[in-house]
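First comes the structure, then the notes that go with it.
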Amino acid sequence: MKRVLLSIAQLFLLALFVNAQTVDMVPVEGGSFYMGNDYSINEDEGPEHKVTLTSFLMSKYEITFDQFDRFCVATGWKKPDDAQLGRGKNPVMNVSWESAVMFCNWLSRVDGYDKCYTITRDSAATVVTCDFSANGYRLPTEAEWEYAAKGGSQSKGYAYSGGDNPDEVMWYAGNSNGRPHPVGTKKPNELGLYDMCGNVREWCWDLYGKDYYKKSPENDPTGPEHGVQRVYRGGGWSYKLNYMRITARESMGPKKNYGNIGFRVVRRE
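Going by the working numbering, the first residue of the sequence shown is number 2, and it counts up by one from there.
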């Protein structure tokens, strides 16, 4: 009997090991910065406004196909299409905002953290609320994403995340040959974060609001309370340089997916 119980325990531990995820997390020290861009032709990038953030951890790399495919195998979720551009260490793409949220909750459970998201689904809609005090994985807020992309408290004011030379720090239309590349193959930014600009665009938590910056709170803003679309940031491998700016904003419905939209995760320290 003891041998049987021991075997069951060993199998359980093996299952945990197999399912365990290794997501390298980088500490982002909290601080204040000016978010937005008063000089952009896109009105939704302004006005510039002061934001103060609490410290958090952010994944060093974009979530890869390897990592997301494990989630799909474990949960029965449909694997996203790689458009025959490669899986493995390439950043996952063709994932909806809702899929990214599901991944975050699953990863929190696997790694032993409290889930951030409460998800209610019915035939009409999926309602997601976030407990920002929980220690699990979640999508970054827009403010967290922009602060981290700019280098946080170590920012040197580069034009792009990590430098002024686009070919050194990102995959974009000018150098990608029309395809994504394995994560972490360009130079990191001041915090040691890779691919914040380029490779794939990245989902954020926030609902999109064109005029939200005019009324955003200064401390730890989490976006509008009401809206339809969710924000994504960072440009992608098929984008021209103008779309690679750190302050550029885009949005799409949470159930939709697109060829070069992926994500990375954050959690509180």
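Note that the Cβ used here is the ideal one computed from N, Cα and C, for glycine as well.
Paired residues, beta bridge with residue i - DSSP
i, result
"Ile-262", "Arg-202"
"Thr-127", "Arg-122"
"Gly-237", "Per DSSP, none; premise fails for Gly-237."
Contacting residues, own chain, Cβ-Cβ under 6 Å from residue i (five flanking each side not counted)
i, result
"Thr-130", "Thr-119"
"Ser-177", "Trp-238"
"Val-24", "Ser-60"
Close beta carbons around residue i, own chain, < 7 Å, minus the five adjacent residues each side
i, result
"Gly-229", "One detail in the question is off: residue 229 reads as Val in this sequence, not Gly. Within the same chain, Val-229 has close Cβ partners Gly-254."
"Lys-257", "Ser-97"
"Tyr-195", "Lys-61, Tyr-62, Val-184, Gly-185, Lys-187, Pro-189"
"Ala-135", "Asp-115, Lys-116, Cys-117"
Where residue i falls: helix, strand or coil (DSSP)
i, result
"Tyr-35", "strand"
"Asn-178", "coil"
"Asn-220", "strand"
"Ser-60", "strand"
"Gly-352", "With the chain running from 2 to 270 in the structure shown, residue 352 is simply not present."
"Lys-256", "coil"
"Gly-89", "coil"
"Asp-207", "strand"
"Tyr-213", "helix"
Range covered by the beta strand (DSSP E) that runs through residue i
i, result
"Tyr-148", "Tyr-148 -> not in any beta strand (DSSP E); alpha helix (DSSP H) instead, spanning 143-150."
"Arg-234", "231-234"
"Met-253", "251-253"
"Val-74", "No beta strand (DSSP E) contains Val-74, which is instead part of the alpha helix (DSSP H) from 66-76."
"Met-26", "26-29"
First through last residue of the alpha helix (DSSP H) which encompasses residue i
i, result
"Val-170", "167-170"
"Val-52", "From DSSP, Val-52 is part of no alpha helix (DSSP H) but of the beta strand (DSSP E) over 50-54."
"Trp-98", "98-111"
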